[in-house]
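K.L.:
Residue numbers (the UniProt record's numbering), protein chains in the order written: chain A, 1 to 183; chain B, 1 to 183. Pasting a structure here, questions to come.
Number of protein chains: 2
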Amino acid sequence: MTTRKEKIAGDLDRQFAEMGFAEQGVEALRAGADVSLRTLYKYFPSREAMVVGALEFRDKAYFDWLSGGPEGGIDHVLHPIVRLGDWLREVANTGCLFLNALAEHPDSAAIREIVLDHKARLADEFRIRLQSIVPGKDIERLAETLFLLHEGMTQTARLQGRDRATDAALRAARAALAAEGIA
Amino acid sequence: MTTRKEKIAGDLDRQFAEMGFAEQGVEALRAGADVSLRTLYKYFPSREAMVVGALEFRDKAYFDWLSGGPEGGIDHVLHPIVRLGDWLREVANTGCLFLNALAEHPDSAAIREIVLDHKARLADEFRIRLQSIVPGKDIERLAETLFLLHEGMTQTARLQGRDRATDAALRAARAALAAEGIA
DNA sequence: GAAAAAGTAGAGTGATCGCTCTACCGATGT
DNA sequence: ACATCGGTAGAGCGATCACTCTACTTTTTC
């Protein structure tokens with residue numbers, strides 16, 4: 001059961017993702033969510049709250065998107081990169097929603113907190129997956145490398161296209177794992 | 001000899017870098033550059049032109065910043081990453097100015113062109129440096145990996161701090177080079 | 001079926017935006 | 001001496017912004 005607020009949050013997410021943050025006034029957001037201005041403000045009492053709501057929706061949606069996938073082996077570790085590639089195939093490519101939000105609202109503590117938390121949990125995703133396939137091994141450096149490649153891929157997809165960025169990131173990730181004897 | 005326009009462009013660069021794009025109105029930019037509104041508009045006839053001017057200034061300044069450094073060996077290739085780390089130590093850490101500008105002005109062809117061009121030349125920087133230390137070798141994949149790490153480092157510095165991001169990127173870059181037998 | 005809750009449309013408000021314009025000032029060249 | 005040029009200060013313009021409010025309608029609840 002999705003609440004009305006969640007439905008609107010999803011619409012806000014889509015609008016911000018497709019059109020960017022700067023160019024979306026509240027009236028445009030209202031039209032995109034197909035609600036009245038009064039109702040929109042009821043659930044999200046300021047524009048900043050709308051941004052926060054969209055990011056919270058996206059955070060949840062993206063970790064849902066990451067769930068599942070191969071259970072063991074190298075593909076288990078590469079899964080977040082593969083899924084990022086899948087995601088980039090389906091959506092307009094405007095970079096990372098979270099970093100874009102931060103660029104646009106550098107002084108908002110609420111937004112900064114959500115972004116940092118989301119990215120920290122993404123970085124942990126690699127740690128957890130690495131730990132599960134090579135328990136006991138020190139995987140911190142490898143996890144950091146994979147996260148760097150992940151972030152680089154997100155931005156590079158915007159610049160050079162999704163396919164090229166995905167191929168490069170996957171190749172580099174495999175090489176990094178192989179260099180540590182993980183295959 | 002720096003022209004007045006270049007001086008103002010430098011001030012605009014600094015303002016956008018420190019305060020972000022969204023929160024800087026033209027009046028604030030004017031005050032930061034310490035000129036009259038009329039003069040500002042003389043050199044940069046629209047706000048978009050001010051953004052373009054700041055990016056052009058930064059593009060030039062950053063490639064100047066990259067010049068010099070170790071002439072041969074692995075340090076020659078790692079130099080752009082090392083210098084990025086130096087840069088991040090000296091400035092407020094608000095991510096990549098170019099990508100932030102693109103996030104804020106997704107519909108501006110002029111801004112998009114500058115950003116793509118800047119990033120393409122940055123990526124080429126790794127190709128050129130790799131080519132010079134291992135001529136004849138196919139270095140395309142390695143160059144792409146280094147660029148991914150470079151971009152990832154820029155964003156991660158914002159999230160996890162400059163030192164951690166720099167260490168991780170340098171370590172990963174060395175590992176990638178070593179895996180290809182370059183040391 | 002009446003009351004209450006939650007929705008709609010959309011005009012209105014004050015602030016701020018990018019940008020233009022008038023009026024004036026000081027240095028420089030001949 | 002004086003015209004010219006490049007500058008300053010800052011008021012003002014129309015548009016747009018985030019946000020509020022009134023008046024009315026629909027849906028839900030008991």
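We put the beta carbon where it would ideally sit given N, CA and C, even for glycine. All values derive from a computational prediction rather than experimental measurement.
Do Leu149/B and Leu149/A have their C-beta atoms closer together than 8 Å?
P.N.:
Here residue 149/B refers to the residue found at position 149 of the second sequence. Here residue 149/A refers to the residue found at position 149 of the first sequence. A contact, by the Cβ cut-off of 8 Å.
K.L.:
CB Leu130/A to CB Val77/A, shorter than 8 Å?
P.N.:
Translated into positions along the first sequence, residue 130/A becomes position 130. Translated into positions along the first sequence, residue 77/A becomes position 77. Yes, these two residues count as a Cβ contact at 8 Å.
K.L.:
Report back the beta-carbon spacing between Val52/B and Ile114/B to the nearest angstrom; my notes put them in contact at under 8 Å.
P.N.:
Residue mapping note: residue 52/B aligns to position 52 of the second sequence, counting from 1. Residue mapping note: residue 114/B aligns to position 114 of the second sequence, counting from 1. So it is a contact: roughly 6 Å between Cβ atoms.
K.L.:
Output the residue ranges of the beta strand (DSSP E) runs that lie fully inside the segment 11-56 of chain A and measure 3 residues or longer, sorted by chain position.
P.N.:
Whole beta strand (DSSP E) segments, 3+ residues: zero.
K.L.:
Do Gly95/A and Gln155/A have their C-beta atoms within less than 8 Å of each other?
P.N.:
Here residue 95/A is taken as the residue at index 95 of the first sequence, counted from 1. Here residue 155/A is taken as the residue at index 155 of the first sequence, counted from 1. A contact, by the Cβ cut-off of 8 Å.
K.L.:
To the nearest angstrom, how far is it from the Cα of Pro70/B to the Cα of Ile133/B?
P.N.:
Here residue 70/B is taken as the residue at index 70 of the second sequence, counted from 1. Here residue 133/B is taken as the residue at index 133 of the second sequence, counted from 1. Computed Cα separation, rounded: 12 Å.
K.L.:
Answer yes or no: do Ala33/B and Ile74/B have a C-beta to C-beta separation smaller than 8 Å?
P.N.:
Start at 1 with the first residue of the second sequence, and residue 33/B comes out as number 33. Start at 1 with the first residue of the second sequence, and residue 74/B comes out as number 74. Taking 8 Å as the Cβ cut-off, Ala33/B and Ile74/B do not qualify as a contacting pair.
K.L.:
Using a Cβ-Cβ cut-off of less than 8 Å, give me the residues of the segment 139-150 of chain A that come near chain B, in sequence order.
P.N.:
If the cut-off is 8 Å between Cβ atoms, the segment 139-150 of chain A has Arg141, Glu144, Thr145, Phe147, Leu148, Leu149 and His150 near chain B.
K.L.:
Considering only the alpha carbon of each residue, which of His105/B, Leu40/B, Pro106/B and Leu122/B lies closest to His79/B?
P.N.:
By 1-based counting over the second sequence, the position of residue 79/B is 79. Selected option, being the one with the closest Cα: Leu122/B.
K.L.:
For Gln155/A, which residues in chain B fall below 7 Å Cβ to Cβ?
P.N.:
The residue labelled residue 155/A in the question sits at position 155 within the first sequence. Per Cβ cutoff of 7 Å: Leu99, Glu151 and Gln155.
K.L.:
Check the Cβ-Cβ distances between Arg171/B and every residue of chain A, and say whether any is below 8 Å.
P.N.:
Here residue 171/B refers to the residue found at position 171 when the second sequence is read from its first residue. Yes, contact with chain A.
K.L.:
Excluding five sequence neighbours on each side, which residues of the same chain lie with their C-beta closer than 6 Å to the C-beta of Ala17/A?
P.N.:
As a first step, residue 17/A must be located in the first sequence, where it is residue number 17. Closer than 6 Å at the Cβ level, and outside the excluded window around Ala17/A, lie Leu97.
K.L.:
Check each residue of the segment 14-47 of chain A: if its Cβ is closer than 8 Å to any Cβ of chain B, include it; give the result in chain order.
P.N.:
So the list reads Met19, Gly20, Phe21, Ala22 and Glu23, given in the order they occur along the chain.
K.L.:
Would a check of beta-carbon distances place Ala109/A closer than 8 Å to chain B?
P.N.:
Counting from 1 along the first sequence, the entry for residue 109/A is found at position 109. False, the Cβ-Cβ gap to chain B never drops below 8 Å.
K.L.:
Check whether the Cβ atoms of His118/A and Asp64/A sit closer than 8 Å, and answer yes or no.
P.N.:
For this step, residue 118/A is matched to residue 118 along the first sequence. For this step, residue 64/A is matched to residue 64 along the first sequence. No.
K.L.:
Could you list the residues in the segment 65-98 of chain A with a C-beta less than 7 Å from some C-beta on chain B, going in chain order?
P.N.:
Here the close residues are Thr94 and Gly95.
K.L.:
Does any C-beta atom of chain B lie closer than 8 Å to the C-beta of Leu55/A?
P.N.:
The residue you call residue 55/A lines up with position 55 of the first sequence. Closer than 8 Å: no.
K.L.:
With a threshold of 16 other CB atoms inside 10 Å of the CB of residue 185/B, please say whether the residue is buried or exposed.
P.N.:
Not covered by the structure: residue 185/B. The range shown for chain B is 1 to 183.
K.L.:
Return the chain-ordered list of same chain residues with a C-beta closer than 7 Å to the C-beta of Val91/B, the five sequence neighbours on each side being excluded.
P.N.:
Position 91 of the second sequence, counted from the start, is the residue given in the question as residue 91/B. Answer for Val91/B: Ala17, listed in chain order.
K.L.:
Give the single residue among Asp163/A, Leu116/A, Leu12/A and Asp167/A whose Cα lies nearest to the Cα of Met50/A.
P.N.:
The sequence position of residue 50/A within the first sequence is 50, counting from 1. Measuring from the Cα of Met50/A, the nearest candidate turns out to be Leu12/A.
K.L.:
Examine chain A for any beta-carbon lying closer than 8 Å to the beta-carbon of Glu125/B, and answer yes or no.
P.N.:
Taking the first residue of the second sequence as position 1, residue 125/B is located at position 125. Not one chain A Cβ lies under 8 Å of Glu125/B.
K.L.:
By Cβ distance below 6 Å, which residues in the same chain neighbour Phe44/A in space, the five residues on each side in sequence not counted?
P.N.:
Residue mapping note: residue 44/A aligns to position 44 of the first sequence, counting from 1. Counting only Cβ-Cβ distances below 6 Å, and skipping sequence neighbours, we find Met50 and Gly53.
K.L.:
At which residues does the alpha helix (DSSP H) containing Pro80/B begin and terminate?
P.N.:
If you number the second sequence from 1, residue 80/B lands on position 80. Its alpha helix (DSSP H) spans residues Ile74 to Glu90.
K.L.:
What residues of chain A sit near Asp116/B, judged by a beta carbon separation below 8 Å?
P.N.:
Along the second sequence, read from residue 1 onward, the residue named residue 116/B stands at position 116. A small fix is needed here, since residue 116/B is Leu in this sequence, not Asp. The contacting residues are Leu159.
K.L.:
Please classify Gly161/A: is it buried, with 16 or more other beta-carbons within 10 angstroms of its beta-carbon, or exposed?
P.N.:
Counted from its first residue, the first sequence places residue 161/A at position 161. Burial call: exposed.
K.L.:
Within 8 Å (strictly less), CB to CB, does Lys119/B reach chain A?
P.N.:
Residue numbering aside, residue 119/B sits at position 119 when the second sequence is read from its first letter. With 8 Å as the cut-off, Lys119/B counts as an interface residue toward chain A.
K.L.:
For a quick check, are the C-beta atoms of Phe57/A and Glu6/A less than 8 Å apart?
P.N.:
By 1-based counting over the first sequence, the position of residue 57/A is 57. By 1-based counting over the first sequence, the position of residue 6/A is 6. Yes. Within cutoff.
K.L.:
Looking only at C-alpha atoms, which of Gly68/B, Leu29/B and Glu48/B sits nearest to Gln15/B?
P.N.:
Within the second sequence, the letter at position 15 stands for residue 15/B. Comparing Cα positions, the closest option is Leu29/B.
K.L.:
For Ala61/B, which of Trp87/B, Lys42/B, Ser36/B and Gly20/B has the nearest alpha-carbon?
P.N.:
Here residue 61/B refers to the residue found at position 61 when the second sequence is read from its first residue. Among Trp87/B, Lys42/B, Ser36/B and Gly20/B, the Cα nearest to that of Ala61/B is on Trp87/B.
K.L.:
With the cut-off set at 8 Å, would you say Phe21/B and Glu104/B are in Cβ contact?
P.N.:
The sequence position of residue 21/B within the second sequence is 21, counting from 1. The sequence position of residue 104/B within the second sequence is 104, counting from 1. In contact: Phe21/B and Glu104/B (Cβ atoms closer than 8 Å).
K.L.:
Whose Cβ in chain B lies nearer than 9 Å to the Cβ of Ala176/A?
P.N.:
The sequence position of residue 176/A within the first sequence is 176, counting from 1. Those within 9 Å of Ala176/A in chain B are Thr145, Ala172, Ala175, Ala176 and Ala179.
K.L.:
Where Ala143/B and Arg4/B are concerned, what is the direct C-alpha to C-alpha distance, given to the nearest angstrom?
P.N.:
Here residue 143/B refers to the residue found at position 143 of the second sequence. Here residue 4/B refers to the residue found at position 4 of the second sequence. About 38 Å.
K.L.:
Between the C-alpha atoms of Thr39/B and Ala31/B, what's the straight-line distance to the nearest angstrom?
P.N.:
Working through the second sequence from its first residue, we reach residue 39/B at position 39. Working through the second sequence from its first residue, we reach residue 31/B at position 31. Approximately 12 Å between the Cα atoms of the pair.
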